[in-house]
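K.L.:
Residue 11 in the numbering used here sits at position 11 of the sequence shown, and the numbers go up by one each step.
Backbone N, C-alpha and C fix where the C-beta goes; we use that ideal spot for every residue, glycine too.
Just dropping this structure here.
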Amino acid sequence: MKNNSWIKKYKESIELVENSTDVLTGFNANIDCVHKVSELDINLEGAEPKFKDTASSLSDLRSCLAYCIQEGENHEIKLDMDIDFEGEKFIGGQGGIMANYLAKTGNGIIFYTPFLSQELADKLEDKILYPVIEGEFRLKNVRDSSNTDRTKTNHIFEFDQEKSGRLIVSDNLKGFGPYFRKGIEDKLGVIQDNIDCALLSGFHNVEGNKEAKLKKAALQLAKIEVPLHLEYAHKDDETASNILKHIAPEVDSLGMDETEFKKMVRLLYDEELEEDVSLGEAFHHSKEIVEDLEVSRLHLHTYRYHITVTGKSYPRKPEKIRKSMLYGEISAIQKAETGVIPDLTDIEDFNMENKELNGLRELEHFEDFFNLDSFSETGIARLDEHQVVAIPTIIHQKPERTVGMGDIISSGAFVSEINGD
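Written as structure tokens, this is what we have:
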């Protein structure tokens, strides 16, 4: 019965396709070259499962892949070798994926990345606007706005074992800074007049004088008064510490997956979490992070559940938060279904074929531990002056593609939640 109740809630969330919001996204976008490990001529038998932060040889790549498959984890490492495998090319980078998804689902999008090649621009939806200075400030069609011939290309190795997952082997873009260039910065007020909220990411890809660039970015973020979401990614401890020190205080909302959450907890509290973080642990540390980083909202999406924890004065109703989380999950599942970023029709076509509800037991355990009434049915509670909203996930049994699902979950949930305020 509970399963049916949650599936009904999922289907009811589809009505959010009727909403639209004006959104600013940035800063990271690249080309993703996607490879399915099962289809590659790369023998993992005998490879030592070992995590390395850089792939400098085929042996390094095999070890990292074996590790990710064994542990069921997603990781991103540096590229320091030539990769000869052919793959299918898509828009990549959190900022780029969120921009395309939100544009394809009826929202008005302004996207900014400092280095925009024509190859990259052609992978972005042609409805997207890009700020330029051409004598005067303009919001121009992104396809007509290229400013460099340099393109960052990441190689994504997808696997589907007990858990679907991926290893991202990431190139870098020399000189990249996750902030607006001077002429655009001067017109932030104009951009802000044209948006309802902002979703920014890519701070982990900063190159050069990293702390100075992150401080510069933070000063710009302080000028943005609309609700601002950071989709968090961890590349190395030093950069992550600077992101938490300089960027996090300027945002309202944080989003991340389970791997990133465990890294953040380790960095902030010197605590190693178990492989599968329970819903109770997720709530405990999420409320710590909300308090310590002074953000209004944290959204964690895992394979088994999603949880959003907010402060006591958060203005949006828990029912709206829940419906928006469900909508974000459906959007991501439809990407897994088709292999491409979904549009409105894809979301409206959602059904449960080849899919199953997952994680309801986590909600039941949470309900029992805190002696709550009906939490496993509603996913809503107020605890320790914090609001918690949780949902069970949907698992696609035969996913076409998993990269970018988290970015779609986070952006779909946040933008839908903001809409109508």
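Rounding to the nearest angstrom, what Cα-Cα distance links Lys223 and Val190 in this structure?
P.N.:
One-based indexing of the sequence shown puts residue 223 at position 223. One-based indexing of the sequence shown puts residue 190 at position 190. For Lys223 and Val190, the distance between alpha carbons rounds to 12 Å.
K.L.:
Can you give me the Cβ contacts of Gly359 inside the same chain, cut-off strictly under 7 Å, excluding the 5 residues immediately before and after it?
P.N.:
Here residue 359 is taken as the residue at index 359 of the sequence shown, counted from 1. Only Arg304, Tyr305, Pro392, Thr393 meet the Cβ criterion.
K.L.:
Please determine, among Val132, Gln118, Glu185, the residue with the shortest C-alpha to C-alpha distance to Ser146.
P.N.:
Within the sequence shown, the letter at position 146 stands for residue 146. Comparing Cα-Cα distances from Ser146 to each of Val132, Gln118, Glu185, the minimum goes to Gln118.
K.L.:
By DSSP, does His422 sit in helix, in strand, or in coil?
P.N.:
Shown here, the chain extends from 1 to 421; a query on residue 422 therefore has no answer.
K.L.:
Under the three-state reduction of DSSP, which class applies to Ala413: helix, strand or coil?
P.N.:
Working through the sequence shown from its first residue, we reach residue 413 at position 413. Helix.
K.L.:
Between which two residues does the beta strand (DSSP E) containing Arg297 stretch?
P.N.:
Within the sequence shown, residue 297 is the residue found at index 297, counting from 1. Note, Arg297: beta strand (DSSP E), 297–301.
K.L.:
What are the start and end residues of the beta strand (DSSP E) that includes Asp346?
P.N.:
For the purposes of this step, residue 346 is taken as the residue at position 346 of the sequence shown. Element bounds for Asp346: not the beta strand (DSSP E) but the alpha helix (DSSP H), 344–348.
K.L.:
Use the C-beta contact count for Leu422: other C-beta atoms within 10 angstroms, 16 or more gives buried, fewer gives exposed.
P.N.:
Nothing about residue 422 can be read from this structure; the chain reaches only from 1 to 421.
K.L.:
Name, in chain order, the residues that DSSP records as bridge partners for Pro131.
P.N.:
Here residue 131 is taken as the residue at index 131 of the sequence shown, counted from 1. In DSSP, Pro131 forms a bridge with Leu139.
K.L.:
May I ask which residues mark the beginning and end of the alpha helix (DSSP H) holding Gln397?
P.N.:
Stepping through the sequence shown from its first residue, residue 397 is reached at position 397. That residue, Gln397, is in no alpha helix (DSSP H); it is neither H nor E in DSSP.
K.L.:
Please report the residue range of the beta strand (DSSP E) in which Asn30 lies.
P.N.:
For this step, residue 30 is matched to residue 30 along the sequence shown. Looking at the DSSP string, the run of the beta strand (DSSP E) that includes Asn30 is 30–36.
K.L.:
By Cβ distance, which residues of its chain are closer than 6 Å to Glu73, with the 5 residues on each side in sequence left out?
P.N.:
Within the sequence shown, numbered from 1, the residue matching residue 73 stands at position 73. Thr259, listed in sequence order.
K.L.:
Using 8 Å as the Cβ pair cut-off and three pairs as the minimum, do the stretch 270–289 and the stretch 374–389 touch?
P.N.:
Judged by Cβ distances under 8 Å, the stretch 270–289 makes contact with the stretch 374–389, as three or more pairs qualify.
K.L.:
Taking the DSSP output, what are the residues bridged to Tyr112?
P.N.:
Start at 1 with the first residue of the sequence shown, and residue 112 comes out as number 112. For Tyr112, which the question treats as bridged, DSSP gives the partners Gly26.
K.L.:
Which residues does DSSP list as the beta-bridge partners of Gln387?
P.N.:
Walking along the sequence shown from the start, residue 387 turns up at place 387. Answer by DSSP bridge pairing, in chain order: Thr310, Arg382.
K.L.:
Using a threshold of 8 Å, state whether the C-beta atoms of Gly412 and Ser331 are closer than that.
P.N.:
In the sequence shown, the residue the question calls residue 412 occupies position 412. In the sequence shown, the residue the question calls residue 331 occupies position 331. It is a contact, given that the beta carbons lie within the stated cut-off.
K.L.:
With 16 as the cutoff for other CB atoms within 10 Å, does Thr148 come out buried or exposed?
P.N.:
Indexing the sequence shown from 1 puts residue 148 at position 148. Answer is exposed; the Cβ neighbour count stays below 16.
K.L.:
Pull up the distance between the alpha-carbon of Gly92 and that of Ser170, whole angstroms please.
P.N.:
Residue 92 sits at position 92 when you count from the first residue of the sequence shown. Residue 170 sits at position 170 when you count from the first residue of the sequence shown. Answer to the nearest angstrom: the Cα atoms are 11 Å apart.
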